[in-house]
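Input: a single structure, listed below in structure tokens.
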Amino acid sequence: MAIKVTLILAILAQFVAAILALRLNIRYRIYSAWFFISAAVIVDAIQRFVSAANLWITIEPIQEVNAAASLISAVLLLSGISVLEPFFKRIVQAERTLRREHDALAHRVRETEEEMRLAQRIQRQLLPNQVPDIQGLEIAGESNPAEWTSGDYFDYLPMQNGNVAIVIADVSGHGLGPALLMSTIRTSLRVLAPTTEHVGELLSSSNRLIGESTSPSEFVTAFALQYNPNTRQFSYAAAGHVAYLIPASDTGVFRTMPADVPPLGVVSEFTIPSSTPLVVSEGDILILLTDGILETRNSQGETFGESKMLNSVREHRHESAAEILRCLLEATTRFRGHEPQHDDITAVVIKSRN
């Protein structure tokens with residue numbers, strides 16, 4: 134009789150274990166491995182039932198041991214499955230928590246991207262949206278940020294004496310912080326230019342304002358080119374920033390317009406001089422650019438450099454200023470290949486014409 138009770142308990146424990154396994158499989162069916170475990174338990178329960186039926190008919194000492202082993206095995210299996218369920222519950226809860234956090238993070242990322250797109254659109258509006266019609270000049274300019282926003286800046290500013298200032302500037306670093314400083318520079322230059330006669334004075338006054346609103350680690354390189362449409366002469370002022378004059382002739386040698394003083398914001402009180410008048414001939418090209426072009430790198434770590442920039446301009450020097458600019462920017466993109474753009478890229482091309 135005891136053996137029969139043992140067999141009945143073993144069968145009941147086995148079927149309870151099978152039911153629990155099936156329940157776990159239904160609740161946590163995302164775990165494919167558990168499907169095989171529960172299926173194996175159910176099949177084992179059926180086999181144990183058949184074995185128990187045989188033992189029920191012929192009970193011998195060897196069958197007594199078998200019945201006891203079946204009961205122990207069924208109890209251990211039932212205990213194991215009972216212990217496993219809380220573990221699966223914790224996994225599911227953790228997954229739900231991760232999913233909620235992921236959804237919240239994705240929502241925040243979308244909000245941030247929308248905010249950055251708005252900042253990018255606003256900054257785009259701060260750059261000139263049309264080229265001024267200046268007698269004797271073709272002008273084209275473009276700025277491409279490395280991130281959502283840029284620390285580069287270019288502009289065309291009317292001056293007090295009827296001259297025009299063509300300005301390019303590069304705030305140290307790139308991203309949102311330099312973009313905010315760039316907007317400050319734009320405001321100061323636009324306010325000062327109509328009351329100023331010389332670009333050296335324009336940059337000197339702007340430097341005093343920038344020095345009051347920057348930290349010691351921030352600075353701005355700037356180049357301002359002044360054009361007199363009556364005399365067709367240029368003068369320039371540079372603060373840590375160079376520009377290039379490329380002659381129209383095949384045999385002409387390019388000229389660098391160097392920076393005579395440190396960048397803006399480094400020293401708050403100093404005078405930036407204007408150069409002596411510079412006469413250009415028809416077809417001569419002036420290139421104002423930020424270091425993002427010259428420092429563009431390819432997968433081998435090579436930089437685009439001054440020579441490739443000059444070769445690109447020379448190759449297309451008979452084209453319009455807009456076409457020269459387009460070809461220069463395309464050349465940097467081809468050179469970079471699949472490498473990311475690490476710095477803001479800005480260039481202004483000025484071509485002398487009749």
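According to the numbering used here, the sequence shown is numbered sequentially starting from 134. The beta-carbon is built from N, C-alpha and C at its ideal position, and this holds for glycine as well. All values reported here derive from a predicted model rather than from experimental measurement.
In the DSSP output, what is residue i paired with across the bridge?
i, result
"F287", "I301"
"A357", "V300 and A370"
"L238", "L238 is not bridged to any residue."
"E275", "A480"
"S350", "DSSP lists no partner for S350."
"A227", "A227 pairs with nothing; no bridge assigned."
"V400", "In the DSSP output, where bridge partners are listed per residue, V400 has none listed."
"S338", "S338 is not bridged to any residue."
"S485", "L270"
"V412", "Q366"
Residue i to residue j, Cα distance in whole Å?
i, j, result
"L462", "S453", "14 Å"
"V482", "S350", "30 Å"
"T466", "H475", "12 Å"
"L231", "E472", "33 Å"
"V375", "L421", "8 Å"
"S316", "Y289", "15 Å"
"D424", "I478", "7 Å"
"D383", "F437", "22 Å"
"R223", "A237", "21 Å"
"V412", "I379", "13 Å"
"A372", "M390", "11 Å"
"S485", "E330", "22 Å"
"M442", "I457", "11 Å"
"N294", "I318", "22 Å"
Which of the three DSSP states is assigned to residue i in this structure?
i, result
"M315", "helix"
"R323", "helix"
"S382", "coil"
"A392", "coil"
"I267", "coil"
"V332", "helix"
"E345", "helix"
"A166", "Bear in mind that a pLDDT of 48 at A166, under 50, signals an unreliable position, so the number given afterwards is only what the model happens to contain. A166 falls in the helix class under three-state DSSP."
Do residue j and residue i come within 7 Å of each other at the CB atom, strictly closer than that value?
i, j, result
"I272", "F356", "no"
"R459", "T429", "no"
"D285", "S276", "yes"
"S321", "A370", "no"
"F296", "Q366", "The sequence as given places Asn at residue 296; Phe does not occur at that position. In this structure, Q366 does not lie closer than 7 Å to N296 by Cβ."
"D303", "T354", "yes"
"I418", "R450", "yes"
"A312", "S283", "yes"
"S445", "A464", "yes"
"T404", "S339", "no"
"S401", "G344", "yes"
"L298", "V332", "Reading off the sequence shown, one finds Ala at residue 298, where the question assumed Leu. Yes, these two residues count as a Cβ contact at 7 Å."
In the DSSP assignment, find the unbroken alpha helix (DSSP H) run with residue i in it and report its ends.
i, result
"R430", "It is not in any alpha helix (DSSP H) - R430 carries neither H nor E in the DSSP assignment."
"R365", "Here R365 belongs to no alpha helix (DSSP H), and DSSP marks it neither H nor E."
"R469", "A454 to R469"
Give the range of the beta strand (DSSP E) segment to which residue i is assigned.
i, result
"R447", "Looking at the DSSP string, R447 is not in any beta strand (DSSP E); the run it does join, the alpha helix (DSSP H), is G438 to E448."
"I405", "Run containing I405: none; DSSP gives neither H nor E here."
"L260", "Here L260 belongs to no beta strand (DSSP E), and DSSP marks it neither H nor E."
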